[in-house]
Amino acid sequence: MREQIAGPFKTSSDVQRVSELKLLPINDRHEISSKAGVKEKTGMSIESAIAMKETVGLTWNQLGTQRKFLKEFGLNLPNEARKRRRGK
1 MREQIAGPFK
11 TSSDVQRVSE
21 LKLLPINDRH
31 EISSKAGVKE
41 KTGMSIESAI
51 AMKETVGLTW
61 NQLGTQRKFL
71 KEFGLNLPNE
81 ARKRRRGK
């Protein structure tokens, strides 16, 4: 059915799927993606990561351990080398 409406090209049906999802409220989109097994990933800026490190009083090694832990829950911290260069 979708191919009949969108056309025979894969990009056309992809555009239609995206448009349909955008019409849904954000809570419904989150529910659909969680049921589909899609993990949401959130990033953190270098400045925020350094501020978190300083506020909590973590060493660079502890921040690396924290980074691995947070990655399991979908929060990606920036590269550690970039954080060290920015933090100096």
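Everything in the sequence shown is counted per the UniProt record's numbering, starting at 1 for the first residue and increasing by one. All C-beta atoms in this analysis are idealised placements derived from N, C-alpha and C, irrespective of residue type, glycine included. Here the structure is a predicted model, which means the values were calculated and not measured.
> By Cβ distance below 6 Å, which residues in the same chain neighbour Lys53 in space, the five residues on each side in sequence not counted?
Replying inline: Its chain contains Leu63 as the residues whose beta carbon lies nearer than 6 Å to that of Lys53, once the 5 sequence neighbours on both sides are disregarded; these appear in chain order.
>> Three Cβ pairs or more, each shorter than 8 Å: is that satisfied between the segment 9 to 19 and the segment 37 to 56?
In response: Flag = no, the segment 9 to 19 and the segment 37 to 56 do not touch.
> Roughly how many angstroms lie between the CA atoms of Leu58 and Glu20, to the nearest whole one?
Replying inline: 44 Å
> What whole-angstrom Cβ distance do Leu75 and Thr42 have, given they're in contact under 8 Å?
Replying inline: 5 Å
> In whole angstroms, what is the alpha-carbon distance linking Gln16 and Trp60?
Replying inline: Taking the straight line from one Cα to the other gives about 46 Å.
> Distance, Cα to Cα, Leu23 vs Arg29?
Replying inline: 9 Å
> Roughly how many whole angstroms lie between the Cα atoms of Ile26 and Ile32?
Replying inline: When rounded, the distance between both Cα atoms is 10 Å.
> By Cβ distance, which residues of its chain are closer than 8 Å to Arg71, with the 5 residues on each side in sequence left out?
Replying inline: For the sequence presented, residue 71 should be read as Lys rather than Arg. Taken in chain order, the residues that qualify are Leu77.
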